[in-house]
Amino acid sequence: MDTSSTIPETFIVVYHPSMSEVAPLVEEIASYLGGLGHAEAHGSLYDPELRQRVEAGEFDLLIALGGDGTMLRSGHLCAASGVPILGVNVGRFGFLTAIQHKSWKGTLERVLSGDYWIERRMMLRAEHRRNEGLLGVWDVVNECFVGRGEFVRPVHLITEVDGHYLTTYVADGLIIATPTGSTAYALAAGGPILPPELRNILIVPVAPHLSVERAIVLHEGSWVRVVVKTEHEASLTVDGQPSVKLQDEDQVHIRVGEHTLRFIRVQDPDYFYQNLTSRMNQNPTTGAQR
């Protein structure tokens with residue numbers, strides 16, 4: 001937790017383009033900030049020009065309106081440039097968001113007075129390798145999933161930690177997650193809940209067959225290599241994005257990434273535990289998070 005707060009001067013307010021109903025609220029927040037004399041920009045999270053400006057570090061704070069999916073995408077955008085994110089929940093679940101949309105004005109008043117703290121969350125770096133070639137690299141907020149493709153057949157996943165053989169999972173797949181991701185897919189697969197500011201790597205098998213069933217928590221300095229053994233299709237999925245097809249003998253390497261997510265918080269530092277029960281009692285099954 002970082003309690004040394006500076007007052008932001010430049011803001012960008014974004015929303016997921018599929019949530020067009022949020023656009024008037026985005027306009028209202030931007031107008032409020034502009035009326036106070038703060039430089040601001042606003043629009044779609046996928047606007048190319050706005051994205052370039054965020055990546056260049058032009059803004060002190062990004063305000064994201066949406067659900068956890070919008071927060072994930074905002075994290076991918078902001079992590080490299082270190083732009084903090086304030087999440088306003090207009091989605092269904094909101095594990096990652098800071099506030100509900102009705103309280104945005106009061107929250108911004110606190111932020112503009114320096115009454116907030118920054119929560120730092122670890123990210124992962126995932127690499128897809130084939131033979132000696134590097135085919136893809138991803139920054140990971142929640143998790144990467146290595147597992148079966150379209151065919152409902154288990155895959156064999158030879159798993160090493162720090163260069164040493166751990167086990168061969170025969171399973172639908174393997175989740176390698178951050179503490180942030182411990183409340184996402186990893187939780188659904190039976191993994192433990194980790195406090196978000198921990199710096200650990202979580203390994204959770206999905207539907208293992210005669211394999212190690214327990215989740216494993218690794219130190220942040222560890223690295224994981226998964227070698228795929230399959231006679232059919234396998235896949236790699238990062239943070240719910242479109243999957244990448246894997247071939248037999250393909251490798252996925254995972255370690256702690258070089259970037260850190262920075263979330264603006266106005267709640268008490270123990271908010272995570274206070275919110276956990278209420279979040280777990282919700283049922284966000286009526287549609288995907290955006």
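Counting from 1, one number per residue, gives the positions in the sequence shown under my numbering.
The beta carbon of each residue, even a glycine, is placed where N, CA and C say it ideally should be.
Count the other CB atoms, across all protein chains shown, that sit within 10 Å of the CB of residue i; report buried if there are 16 or more and exposed otherwise.
{"i": "S113", "result": "exposed"}
{"i": "G133", "result": "exposed"}
{"i": "T6", "result": "exposed"}
{"i": "G35", "result": "exposed"}
{"i": "F263", "result": "buried"}
{"i": "N131", "result": "exposed"}
{"i": "T286", "result": "At T286 the pLDDT is 45, less than 50, meaning the model places this residue with poor confidence and gives no usable figure here."}
{"i": "V291", "result": "Given that the chain is displayed from residue 1 to residue 290, the structure contains no residue 291 and the question cannot be resolved."}
{"i": "Y273", "result": "exposed"}
{"i": "P8", "result": "buried"}
{"i": "A188", "result": "exposed"}
{"i": "S31", "result": "exposed"}
{"i": "E119", "result": "buried"}
{"i": "G191", "result": "buried"}
{"i": "G94", "result": "buried"}
{"i": "L174", "result": "buried"}
{"i": "F151", "result": "exposed"}
Which of the three DSSP states, helix, strand or coil, is assigned to residue i?
{"i": "F11", "result": "strand"}
{"i": "L157", "result": "strand"}
{"i": "T178", "result": "coil"}
{"i": "S20", "result": "helix"}
{"i": "A80", "result": "coil"}
{"i": "D139", "result": "strand"}
{"i": "E127", "result": "strand"}
{"i": "R255", "result": "strand"}
{"i": "H219", "result": "strand"}
{"i": "T167", "result": "strand"}
{"i": "S235", "result": "strand"}
{"i": "G114", "result": "coil"}
{"i": "P205", "result": "strand"}
{"i": "F95", "result": "coil"}
{"i": "H38", "result": "coil"}
{"i": "V26", "result": "helix"}
{"i": "R291", "result": "Coverage of the chain is limited to positions 1 through 290, which leaves residue 291 absent and any answer about it impossible."}
{"i": "T107", "result": "helix"}
{"i": "E49", "result": "helix"}
{"i": "Q100", "result": "strand"}
{"i": "T6", "result": "coil"}
{"i": "S211", "result": "coil"}
{"i": "Q289", "result": "Caution is warranted here: a pLDDT of 47 is assigned to Q289, below 50, making its placement in the model unreliable, and no coordinate value can be reported."}
Quick check on this structure: which residue in the options has the alpha carbon closest to the alpha carbon of residue i?
{"i": "H156", "options": "N142, P192 and V206", "result": "V206"}
{"i": "L246", "options": "R129, V111, T97 and M19", "result": "R129"}
{"i": "F59", "options": "G66, G136 and H38", "result": "H38"}
{"i": "L218", "options": "L202, E233, V227 and V228", "result": "L202"}
{"i": "D297", "options": "H232, G240, G221 and W117", "result": "Lying before the first or after the last residue shown, residue 297 is absent from the chain, which here runs from 1 to 290."}
{"i": "R148", "options": "V266, Y169 and V137", "result": "Y169"}
{"i": "N275", "options": "M122, S20, V54 and P195", "result": "P195"}
{"i": "Q52", "options": "M71, G67, H76 and S31", "result": "H76"}
{"i": "V244", "options": "H209, C144 and Y273", "result": "C144"}
{"i": "Y165", "options": "L198, G221, V226 and G191", "result": "V226"}
{"i": "R265", "options": "L33, D47 and R121", "result": "R121"}
{"i": "S18", "options": "G66, I12 and F11", "result": "G66"}
{"i": "I29", "options": "S103, D139 and V252", "result": "S103"}
{"i": "V90", "options": "L108, G190, I216 and H16", "result": "H16"}
{"i": "Q241", "options": "G43, L62, D115 and G69", "result": "G69"}
{"i": "D47", "options": "P24, L61 and I12", "result": "I12"}
{"i": "V252", "options": "E197, I176 and H101", "result": "I176"}
{"i": "V22", "options": "H101, E55 and L96", "result": "H101"}
So residue i and residue j are in contact, right, with Cβ under 8 Å, and what is the actual spacing, rounded?
{"i": "G106", "j": "S81", "result": "G106 to S81, Cβ: 28 Å. No contact."}
{"i": "V14", "j": "L45", "result": "4 Å"}
{"i": "V146", "j": "L236", "result": "6 Å"}
{"i": "V256", "j": "L124", "result": "6 Å"}
{"i": "L50", "j": "A64", "result": "The pair is not a contact, with the Cβ atoms about 12 Å apart (cut-off 8 Å)."}
{"i": "V238", "j": "A126", "result": "6 Å"}
{"i": "H232", "j": "R153", "result": "6 Å"}
{"i": "V224", "j": "I254", "result": "5 Å"}
{"i": "L72", "j": "V141", "result": "5 Å"}
Would you call the segment 160-167 and the segment 176-189 touching, i.e. three or more CB-CB distances under 8 Å? Because the criterion of three Cβ pairs below 8 Å is not met, the segment 160-167 and the segment 176-189 do not touch.
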